[in-house]
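Let me begin by presenting the structure, written as structure tokens, before commenting on it.
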Amino acid sequence: MPDRYSTLRQSLIDGVLTTPGDTTPDLRRRVEARAAQHAGIERQESTEVPVELAGYLDKTALHAYKVMDEDIQALKDKGYSEDAILELTLSVALGSGMSRLERGLAALKGATS
Amino acid sequence: MRLRNVENGHTWQKKLKLWFIQFVSRRKNPDVLRLVFYRPELFGQAFSQGLQALLRGPSEWSVAERELFASFVSRQNQCDF
């Protein structure tokens, strides 16, 4: 849904999901879709992620305030770099944030139609 | 900050900028600033541009009203920012 902030939104999405890094854009898209699914928005992308990531990603999407140092260290122990953890965490935040925006705009559209 | 890279893995130019901000403000830089400045092409650059447009760009809401909306939502999310 184009609006005057569409370009800015797309720049943020492109940055988080496609900037070269320690994780693939495909994984980041699935992580984003998984976070959006938790917020009630279905994406076309798969939400399947490596099993060792699922716990951290879901906790971050649903209860970010509960994330502890031990959660981060557990990912590092499994071989994920700090940049990989950052990219995945940002992907979760993007999915959670964008889904809230989409639901809000949908509600606004429903209210004004 | 749990990620050492985000804490102090910035380019020297960004480290200088962070040091200057902290020097002028006389307060420890908030973590979100470190995040924005770390690998800005990943997140910070687009986020900052969007934030500037949303909070300071043309709008029927005043700047203060928009800041209040953002503060309220942050409080609901148990976030300091």
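From first to last, the protein sequence lines stand for chains A and V.
Going by the numbering used here, the first sequence runs without a break in its numbering and finishes at 117.
Going by the numbering used here, the second sequence runs without a break in its numbering and finishes at 88.
From the three backbone atoms N, C-alpha and C, an ideal C-beta is built for every residue, glycine too.
Requested in this report: In angstroms with no decimal places, state the Cα-to-Cα distance between residue 99(A) and residue 58(V).
Outcome: In this structure, the straight-line span from the alpha carbon of residue 99(A) to that of residue 58(V) is close to 17 Å.
**Report entry** residue 50(A) - DSSP class collapsed to helix/strand/coil
**Finding:** Reduced to three states, the DSSP call for residue 50(A) is coil.
Query - Residue span of the alpha helix (DSSP H) that contains residue 28(V), given as start and end - result: Here the alpha helix (DSSP H) through residue 28(V) covers 19–32.
Query raised in the report: If you measure beta-carbon to beta-carbon, which residues of the segment 74–102 of chain A are closer than 8 Å to chain V?
Result: Within the segment 74–102 of chain A, the residues whose Cβ lies closer than 8 Å to some Cβ of chain V are 76, 86, 87, 89, 90, 91 and 94, listed in chain order.
Query - Residue environment, residue 11(A), which counts as buried when at least 16 other CB atoms sit within 10 Å - result: Label assigned to residue 11(A): exposed.
Query raised in the report: For the 8 Å Cβ check, are there 3 or more pairs between the segment 79–94 of chain A and the segment 27–38 of chain V?
Result: No, because fewer than three Cβ pairs between the segment 79–94 of chain A and the segment 27–38 of chain V fall closer than 8 Å, the two stretches do not touch.
Query raised in the report: The alpha helix (DSSP H) with residue 3(V) in it runs from where to where?
Result: Since the first residue of chain V shown is 8 and the last is 88, residue 3(V) is not available in this structure.
Requested in this report: Would you mind giving the Cβ-Cβ distance between residue 23(A) and residue 34(A), rounded to the nearest angstrom? I have them listed as a contact below 8 Å.
Outcome: Actually they do not touch by this definition, with Cβ atoms about 16 Å apart.
Query - Range covered by the alpha helix (DSSP H) that runs through residue 73(A) - result: Note, residue 73(A): alpha helix (DSSP H), 73–81.
Report task. Throw me the rounded Cβ distance for the residue 20(A) and residue 49(V) pair, which I believe falls under 8 Å. Result -> Contact annotation, residue 20(A) with residue 49(V): C-beta distance approximately 7 Å; criterion of less than 8 Å satisfied.
**Report entry** Cross-chain neighbours of residue 13(A) in chain V, by beta carbon under 8 Å
**Finding:** The contacting residues are 57.
**Report entry** Alpha carbon of residue 63(V) to alpha carbon of residue 75(V), nearest angstrom
**Finding:** Approximately 13 Å, taken between the alpha carbons.
**Report entry** Beta-carbon separation (whole angstroms), residue 90(A) vs residue 12(V), contact threshold 8 Å
**Finding:** Taking the Cβ atoms as the reference, residue 90(A) lies roughly 7 Å from residue 12(V), within the contact range of under 8 Å.
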